[in-house]
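**Q** Please read through the structure below; I'll follow up with questions.
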Amino acid sequence: MTNAFSAMLTSHDVILADGATGTNLFKMGLQSGDAPELWNTTEQDKIRALYKGSVDAGSDLFLTNTFGGTAARLKLHDAQGRVRELNRAGAELGREMADKANRKVIVAGSVGPTGEIMQPVGNLSHAAAVEMFHEQAEGLKEGGVDVLWLETISAPEEYRAAAEAFALADMPWCGTMSFDTAGRTMMGVTSADMVQLVESLPNPPLAFGANCGTGASDILRTVLGFAAQGTERPIISKGNAGIPKYVDGHIHYDGTPELMAVYATMARDAGAKIIGGCCGTMPEHLVKMRAALDSTPRGERPTLEQIVEALGAFTSASDGTGDDGGERRARGGRRRRA
1 MTNAFSAMLT SHDVILADGA TGTNLFKMGL QSGDAPELWN TTEQDKIRAL YKGSVDAGSD
61 LFLTNTFGGT AARLKLHDAQ GRVRELNRAG AELGREMADK ANRKVIVAGS VGPTGEIMQP
121 VGNLSHAAAV EMFHEQAEGL KEGGVDVLWL ETISAPEEYR AAAEAFALAD MPWCGTMSFD
181 TAGRTMMGVT SADMVQLVES LPNPPLAFGA NCGTGASDIL RTVLGFAAQG TERPIISKGN
241 AGIPKYVDGH IHYDGTPELM AVYATMARDA GAKIIGGCCG TMPEHLVKMR AALDSTPRGE
301 RPTLEQIVEA LGAFTSASDG TGDDGGERRA RGGRRRRA
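In the UniProt record's numbering, the protein residues as written are 1 to 338.
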């Protein structure tokens, strides 16, 4: 299989990814508690519209509607026997919409966490996790994705299991973790830890980074943390559109398209190569992000103070690596800027 994603990494100065899946599908009628993956067969026109929204907004890459596509997640909806079918269907719809575009668009097969806790803390064994991720990967591969895209991972053990599974599927991959607990993942991983994890893998990702989390400011601090480690591997930043707030019975994200445009250029200047949005990010956000990336010249790596001034306060005092870790990384990032 031609590695179209590697080619895009070489040919593009910056790659605009997509926005939210769930937020967009809820607007189309998905109900809380429903499995979005079932729509890959029952509501195919809506999934086509989801993908088309990103393509039309200017995204170079979009993720398939398969985030909860492992047997462990689908079992909650009595669909554990449909892993290959639902992942293949989500990928095929993505391939269809990407191939209709008037430019090269990458289809990334979304792979989320299993939702189970791995041994020794929990009951999920390494072998069982590898088997589940491999089954999903094969379905995505059959559907024609260009690259597998692991996201919203908290535990290094789960990240390693997915990497092993993707090697079995013989597919290129990327992988992000969610730094949503005072600068760390829920399982305590810091930005520095993740760089070490990625570089220790026998089958490392083509790109790595952060997604989701607690807002635009926090994810940029994490990106600075990645860059300060001196990694040459492309960095992904896929942050939420602001902070979620409960308004009139619904979750609303307060990040405007204009704020996300500023976030996009600051993410690029902080060291990210692949930039997109996560929860709350709609096509109208992506349009502004695309325009900003195309029209705004590169600048110096932002300081923490500049991030706060432009995007709002951090939700925690530090990035989890020490009292002055963030400051040290901001300074180090500027010195290392190419």
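Glycine included, every Cβ here is placed at the ideal spot set by N, Cα and C.
Take G320 and list the residues in its own chain whose beta-carbon comes closer than 7 Å to its own, dropping the five residues that flank it on each side.
**A** A182, G183, R184 and T190
**Q** In angstroms, rounded to a whole number, what distance separates the CA positions of G122 and G22?
**A** 27 Å
**Q** To the nearest whole angstrom, what separates the beta carbons of I106 and D60, a pair I think is in contact under 8 Å?
**A** 6 Å
**Q** Mapping DSSP to helix, strand and coil, what is P283?
**A** helix
**Q** Please go through the same chain and pick out, in chain order, the residues whose beta-carbon is closer than 7 Å to the beta-carbon of N40, but skip the five residues on each side of it.
**A** I47, N65, L86, A89, G90 and L93
**Q** May I ask which residues mark the beginning and end of the alpha helix (DSSP H) holding M194?
**A** Its alpha helix (DSSP H) spans residues S191 to S200.
**Q** Between the beta-carbon of A67 and the beta-carbon of P36, is there less than 9 Å?
**A** The identity of residue 67 in the sequence shown is Phe, whereas the question assumes Ala. In contact: F67 and P36 (Cβ atoms closer than 9 Å).
**Q** If we ignore side chains and look at the alpha-carbon of each, how far apart do R329 and Q229 end up?
**A** With a pLDDT of 36 at R329, under the threshold of 50, the modelled position of that residue is not reliable, and no figure is offered here.
**Q** Quick one: grab the DSSP three-state call for A72.
**A** In the structure shown, A72 sits in a helix (DSSP, three-state: H, G or I).
**Q** Looking at C-beta atoms only, is the number of pairs between the stretch 271 to 288 and the stretch 306 to 316 that lie closer than 8 Å three or more?
**A** Taking a cut-off of 8 Å on C-beta distances, the stretch 271 to 288 does not touch the stretch 306 to 316, as fewer than three cross pairs fall below it.
**Q** Applying the criterion that 16 or more other CB atoms from any shown protein chain within 10 Å of the CB defines a buried residue, is residue 358 buried or exposed?
**A** It is not possible to answer for residue 358, since the shown part of the chain is limited to 1 through 338.
**Q** Have a look at A129, L74, F5 and H12 and flag the residue whose alpha-carbon is nearest the alpha-carbon of D294.
**A** H12
**Q** Once you ignore the five residues that flank G325 on each side, which residues in its own chain have a CB closer than 7 Å to its CB?
**A** A caution first: G325 carries a pLDDT of 41, below 50, which makes its placement in the model unreliable, though a value can still be read off. The residues are S318 and D319.
**Q** If you draw a straight line from the C-alpha of A162 to the C-alpha of T222, how long is it?
**A** 22 Å
**Q** Would you report the Cα separation of E131 and L150, rounded to the nearest angstrom?
**A** Taking the CA atoms as reference points, E131 sits about 15 Å from L150.
**Q** Given D45, which residues of its chain have a CB within under 8 Å of its CB, disregarding the five upstream and five downstream residues?
**A** none
**Q** Measuring only the C-alpha atoms, how far is P244 from A137?
**A** 31 Å
**Q** Nearest to V287 by alpha carbon, out of S6, L259 and T42?
**A** L259
**Q** In the stretch 173 to 246, which residue ranges form an unbroken beta strand (DSSP E) of at least 3 residues, counting only runs that do not cross its ends?
**A** 173 to 177, 207 to 212 and 235 to 239
**Q** Just to confirm before moving on: does the CB-CB distance between A210 and T176 stay below 9 Å?
**A** yes
**Q** When the Cα atoms are used, what is the spatial distance from L30 to P283?
**A** When rounded, the distance between both Cα atoms is 18 Å.
**Q** Should E116 and L124 be called a contact, given that it needs their Cβ atoms to be closer than 9 Å?
**A** yes
**Q** Give the list of continuous alpha helix (DSSP H) stretches no shorter than 4 residues that lie fully inside the stretch 82 to 112.
**A** 83 to 100
**Q** Counting along the chain, where does the alpha helix (DSSP H) carrying T114 start and finish?
**A** Premise fails: T114 is in no alpha helix (DSSP H) and is neither H nor E.
**Q** So which of F179, A49, I235 and T214 has the shortest CA-CA distance to D254?
**A** T214
**Q** Considering G276, what are the terminal residues of the beta strand (DSSP E) in which it resides?
**A** I274 to G277
**Q** Use the C-beta contact count for E158: other C-beta atoms within 10 angstroms, 16 or more gives buried, fewer gives exposed.
**A** buried
**Q** Tell me the residue span of the alpha helix (DSSP H) that contains L311.
**A** In this chain, the alpha helix (DSSP H) harbouring L311 covers L304 to L311.
**Q** How would you label L148, buried or exposed, when you count the other beta carbons within 10 angstroms and need 16 or more for buried?
**A** buried
**Q** Who are the Cβ neighbours of R95 in its own chain at under 8 Å, not counting the five residues just before and after it?
**A** V107, G143, G144 and V145
**Q** Do you know whose CA, among K104, A129, A267 and L206, lies nearest A216's CA?
**A** A267
**Q** Taking 8 Å as the line, does the beta carbon of G144 fall inside it for any heavy atom of the ligand COA?
**A** Of the ligands one can find in the structure shown there are none, so the ligand COA has no counterpart to examine.
**Q** Have a look at A270, T152, Y263 and S6 and flag the residue whose alpha-carbon is nearest the alpha-carbon of T231.
**A** A270
**Q** Mark D18 as exposed unless 16 or more other C-beta atoms lie within 10 angstroms of its C-beta, in which case mark it buried.
**A** buried
**Q** Near M97, what residues of its chain come up, given a Cβ to Cβ distance below 7 Å and the 5 sequence neighbours on each side ignored?
**A** When the five nearest sequence neighbours on each side are left out, the beta carbons in the same chain lying within less than 7 Å of the beta carbon of M97 are those of R48, Y51, K52 and V55, in order along the chain.
**Q** Would you report the Cα separation of R290 and S32, rounded to the nearest angstrom?
**A** 30 Å
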